[in-house]
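Chains as they are written, first to last, in this note's numbering: chain A, 6 to 116; chain B, 10 to 125.
The beta carbon of each residue, even a glycine, is placed where N, CA and C say it ideally should be.
On a predicted model such as this, the values are computed, not experimentally measured, just so you know.
Structure, as structure tokens:
Now the structure itself:
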């Protein structure tokens with residue numbers, strides 16, 4: 006089955022500590038992977054995508070095809086990073102595509 | 010661009026009533042997606058359209074749910090009759106699909122639906 010697994014529903018760290026949100030995927034093709042973030046009572050927004058290989062708000066994510074993982078990392082967490090984080094990949098069917106989301110990880114950064 | 014616009018932002022209604030959620034995608038986007046978000050199940054794709062045509066409605070829970078996209082700038086998600094278990098936040102998203110080029114989805118603010 007093609008799916009995204011985020012094993013941690015909740016993750017709590019202290020400000021300044023490193024944080025890693027785990028994401029594993031199961032997909033037979035070459036996936037395009039994304040991290041979306043949803044701050045409290047705001048819309049879901051794209052954080053980063055693996056093909057861009059960029060760092061957004063200090064976050065990075067590397068696609069590891071051997072481990073089928075796309076973990077999100079930040080060396081020093083900030084309180085404003087507290088949010089819901091969703092890992093997703095694009096699944097193509099016929100002439101269109103859709104995003105398959107994981108169930109999300111709620112990150113809380115404590116002062 | 011104002012982004013994806015959803016209305017209403019909040020809806021509270023009694024069970025059995027018809028509920029209609031509306032979405033205006035970003036101008037120029039040709040794919041539109043309806044999602045439901047709950048604490049228990051996370052973010053679930055209900056249905057998506059490509060060039061106004063429904064492509065995959067396998068996520069629609071049951072016949073009480075229906076979605077339409079009469080033109081490129083408007084879509085509705087209807088629940089009739091509504092039930093308390095339909096209470097959730099419903100998101101609409103749009104993107105530009107260009108075959109080999111993948112563009113990220115842009116989400117609306119969502120409609121928080123409460124069925125009493």
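Could you tell me whether the Cβ of residue i comes closer than 8 Å to any Cβ of chain B?
| i | result |
| --- | --- |
| residue 75(A) | no |
| residue 91(A) | yes |
| residue 108(A) | yes |
| residue 5(A) | Residue 5(A) is absent from the model: chain A starts at 6 and stops at 116. |
| residue 8(A) | no |
| residue 54(A) | yes |
Please look up how many angstroms separate the CB atoms of residue i and residue j, rounded, as I've assumed it's under 8 Å.
| i | j | result |
| --- | --- | --- |
| residue 21(A) | residue 81(A) | 5 Å |
| residue 82(B) | residue 34(B) | 7 Å |
| residue 40(B) | residue 103(B) | 6 Å |
Can you name the residues of chain A whose CB is closer than 7 Å to the CB of residue i?
| i | result |
| --- | --- |
| residue 114(B) | 104 |
| residue 127(B) | The question about residue 127(B) has no answer, for chain B in this structure spans 10 to 125. |
I want to verify the contact list: residues of chain B whose CB lies under 8 Å from the CB of residue i, in sequence order.
| i | result |
| --- | --- |
| residue 34(A) | The premise fails here: residue 34(A) is roughly 13 Å from chain B at the closest Cβ pair, so nothing lies under 8 Å. |
List the endpoints of the continuous beta strand (DSSP E) containing residue i.
| i | result |
| --- | --- |
| residue 69(A) | No beta strand (DSSP E) holds residue 69(A); DSSP gives it neither H nor E. |
| residue 74(B) | 74-80 |
| residue 116(A) | From DSSP, residue 116(A) is part of no beta strand (DSSP E); its letter is neither H nor E. |
| residue 29(B) | 28-33 |
| residue 101(B) | 97-104 |
| residue 17(A) | 15-19 |
| residue 123(B) | 120-124 |
| residue 59(B) | 51-59 |
| residue 44(B) | 40-47 |
| residue 79(A) | 77-79 |
| residue 73(A) | Residue 73(A) -> no beta strand (DSSP E), and no H or E assigned at all. |
| residue 91(B) | Taken as a continuous stretch (DSSP letters only), residue 91(B) belongs to no beta strand (DSSP E), as it is neither H nor E. |
| residue 54(A) | 50-54 |
| residue 20(B) | 19-22 |
| residue 57(A) | Where residue 57(A) is concerned, there is no enclosing beta strand (DSSP E), given that its DSSP letter is neither H nor E. |
| residue 65(B) | 62-65 |
| residue 8(A) | 8-10 |
| residue 41(A) | 38-43 |
| residue 31(A) | 29-31 |
| residue 15(B) | 14-16 |
| residue 25(A) | 24-26 |
Run through chain B and tell me which residues come within less than 7 Å of residue i, C-beta to C-beta.
| i | result |
| --- | --- |
| residue 51(A) | 113 |
| residue 39(A) | 113 |
- Message: Against chain A, which members of the stretch 22-42 of chain B pass a CB distance test of less than 8 Å?
- Response: 40, 42
message: To be precise: take each residue of the stretch 44-70 of chain B, compare its Cβ to all Cβ atoms of chain A, and keep it if any distance is under 7 Å. Which residues remain?
response: 51, 52, 54, 57, 59, 64, 65
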